[in-house]
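Novice:
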Ligand SMILES: Nc1ncnc2c1ncn2[C@@H]1O[C@H](COP(=O)(O)OP(=O)(O)O)[C@@H](O)[C@H]1O
Ligand code: SF4
Ligand SMILES: [Mg+2]
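Numbering (this note's numbering), first residue to last: 16 to 368.
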């Protein structure tokens, strides 16, 4: 068994809702992340998928210490990093880096590409002493497929795909072990998405990286993920190996998401089930009792409002040992094939830029 590099347990982030100007009092909370557990193994890619607002970015920010958890553990190589400070925290942070969603706004327009990529060296000069920096940054440009001579250019002189390459180069500058990529291709054209995903794939083997790859669309993560976790309203509702989730989903929410993935083959399209989700995602300030998905679930019964379903292998599959025997937080889990198998995912092959 490959060793875990990150272990997340009972992770919670609640943002207080306050009232009053002078004497603020708490009247509720935005339950952005409400009890998330997962393990990321060394060299693995774990995809995290869910609709906008379900807490994906908040999880990402807690992993890289941009937000402090309200509760829960984040273990890096067995050590809880949520309590660290000073030098110990700095050294862990170096090993867990983030690639952001929007390459148009995440790069400072007034800084040259060389300064953007080399900025992490200001905090960690031990990785690249001043005299070495230019060479290191040029090497990074080369590694992500950009011309090293572009080092003095500004972000606006690049295309969206190239800017995301700059963001990736910056994420690699400190030679981290874990990259948290928060929707790294969502803002890009479909043809460019494939190039950036293929680049991330190559970098993973070249630099032995472990990825947490966040997306709102199941079709994008299939290509790159070994395992996939599906989030709904601040929790993971189903998690398993790639083929388990795509070909044998047991949670109604995953089944609904998969049924919405576009299918190119017209015949396959005709034969598959379409599930239309009723209503909107409830507000994270007011999470439904019992199963949080019940207000939109076509299978909901009384038990669903009373009992919170645990994220575990459902009892009916516990002894099958088949692909349906993976963690799913549903009292009435059953398999339903909703997407025709598309090996390798819906991502087209790489084209030259
Ligand atoms: N700083 C904040 N204060 C209050 N609410 C927040 C804050 N950041 C995020 N939220 C809320 O938390 C929920 C989850 O947000 P986010 O993690 O960005 O979701 P996702 O990345 O899945 O779209 C949303 O309802 C969002 O409005
Ligand atoms: S526990 Fe009930 S409401 Fe929740 S997903 Fe399962 S059937 Fe639907
Ligand atoms: Mg987000």
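All C-beta atoms in this analysis are idealised placements derived from N, C-alpha and C, irrespective of residue type, glycine included.
#1: Where does residue 98 fall in DSSP's three states?
#2: Classify residue 32: buried if its beta carbon has 16 or more other beta carbons within 10 angstroms, exposed otherwise.
#3: From the DSSP output, read off the bridge partner residues of residue 196.
#4: Using the Cβ count rule (16 or more neighbours within 10 Å means buried), how would you classify residue 172?
#5: How many Å lie between residue 34 and residue 45 at the Cα?
#6: Apply the 10 Å Cβ neighbour rule to residue 307 and answer buried if 16 or more other Cβ atoms are within range, or exposed otherwise.
#7: Could you compute how far the alpha carbon of residue 263 sits from the alpha carbon of residue 349?
#8: Take residue 95 and list the residues in its own chain whose beta-carbon comes closer than 6 Å to its own, dropping the five residues that flank it on each side.
#9: Evaluate the contact criterion for the stretch 144-163 versus the stretch 67-85: three or more CB pairs, one atom per stretch, below 8 Å.
#10: Under 6 Å: does the beta carbon of residue 69 sit that close to some heavy atom of ligand 2?
#11: Spatial neighbours of residue 3 within its chain, please: CB distance less than 7 Å, with the 5 preceding and 5 following residues excluded, ordered by chain position.
#12: If contacts are defined as beta-carbon pairs under 8 Å, then residue 246 and residue 186 qualify, I think. What distance do you get, rounded to the angstrom?
#13: Is DSSP giving residue 126 helix, strand or coil here?
#14: Should residue 194 be labelled buried (16 or more other beta-carbon atoms within 10 Å of its own) or exposed?
#15: State yes or no: is the C-beta of residue 196 nearer than 6 Å to some heavy atom of ligand 1?
#16: Looking at ligand 1, does it come within less than 6 Å of residue 299, judged from the CB to the closest heavy atom?
#17: Quick check on residue 44: does DSSP put it in helix, strand or coil?
#18: In chain order, what residues of the same chain lie with their CB nearer than 8 Å to the CB of residue 169, ignoring the 5 residues before and after it?
#19: Is residue 369 close to ligand 3? I mean its beta-carbon at under 6 Å from any heavy atom of the ligand.
#20: For residue 208 and residue 224, what's the separation of their Cα atoms in angstroms?
#21: Unbroken alpha helix (DSSP H) runs of length 4 or more, entirely within the stretch 161-195: which are they?
#22: Output yes or no for whether 7 Å exceeds the beta carbon distance between residue 353 and residue 240.
#23: With distances taken Cα to Cα, identify the nearest neighbour of residue 249 among 243, 17, 71 and 230.
#24: Have a look at the DSSP bridge pairing and note the partners of residue 343.
Specialist: Result, derived from the coordinates:
#1: The count along the chain shown starts at 1 and reaches residue 98 at position 83. In this structure, residue 98 counts as coil in the three-state DSSP scheme.
#2: If you number the chain shown from 1, residue 32 lands on position 17. Under this definition residue 32 is an exposed residue.
#3: As a position in the chain shown, residue 196 is number 181, starting the count at 1. DSSP, once it has assigned bridges, lists 114 and 228 as partnering residue 196.
#4: Residue numbering aside, residue 172 sits at position 157 when the chain shown is read from its first letter. Label assigned to residue 172: exposed.
#5: The count along the chain shown starts at 1 and reaches residue 34 at position 19. The count along the chain shown starts at 1 and reaches residue 45 at position 30. Going by the C-alpha atoms only, they are around 14 Å apart.
#6: Taking the chain shown and counting its residues from 1, one reaches residue 307 at position 292. Buried, because 16 or more other Cβ atoms sit within 10 Å of the Cβ of residue 307.
#7: Sequence index remark: in the chain shown, residue 263 carries index 248 (1-based). Sequence index remark: in the chain shown, residue 349 carries index 334 (1-based). Straight-line Cα distance between these residues: approximately 9 Å.
#8: For the purposes of this step, residue 95 is identified with residue 80 of the chain shown, where counting begins at 1. The residues are 88.
#9: no
#10: Residue mapping note: residue 69 aligns to position 54 of the chain shown, counting from 1. For ligand 2, not one heavy atom lies less than 6 Å from the Cβ of residue 69.
#11: The chain is shown from 16 up to 368; residue 3 falls before or after that span and cannot be answered.
#12: By 1-based counting over the chain shown, the position of residue 246 is 231. By 1-based counting over the chain shown, the position of residue 186 is 171. Not confirmed; about 22 Å, so no contact.
#13: To locate residue 126, count along the chain shown from 1; it is residue 111. In this structure, residue 126 counts as coil in the three-state DSSP scheme.
#14: Stepping through the chain shown from its first residue, residue 194 is reached at position 179. Residue 194 should be labelled buried.
#15: On the chain shown, position 181 is the one that residue 196 refers to. Result no, Cβ not under 6 Å from ligand 1.
#16: Against the chain shown, residue 299 aligns to sequence position 284. Answer for residue 299: yes, Cβ within range of ligand 1.
#17: One-based indexing of the chain shown puts residue 44 at position 29. Strand.
#18: Position 154 of the chain shown holds residue 169. So the list reads 124, 125, 126, 127 and 128, once near-sequence residues are dropped.
#19: The shown model of the chain, from 16 to 368, leaves out residue 369, and the question about it has no answer.
#20: Here the question's residue 208 lines up with position 193 in the chain shown. Here the question's residue 224 lines up with position 209 in the chain shown. Each residue's alpha carbon lies about 20 Å from the other.
#21: Listed in chain order, the alpha helix (DSSP H) elements of length 4 or more contained wholly in the stretch 161-195 are 175-187.
#22: As a first step, residue 353 is located in the chain shown; it is residue number 338 there, counting from the start. As a first step, residue 240 is located in the chain shown; it is residue number 225 there, counting from the start. No.
#23: Translated into positions along the chain shown, residue 249 becomes position 234. With distances taken between Cα atoms, residue 249 lies closest to 71.
#24: Within the chain shown, residue 343 is the residue found at index 328, counting from 1. In the DSSP output, where bridge partners are listed per residue, residue 343 has 253 and 327.
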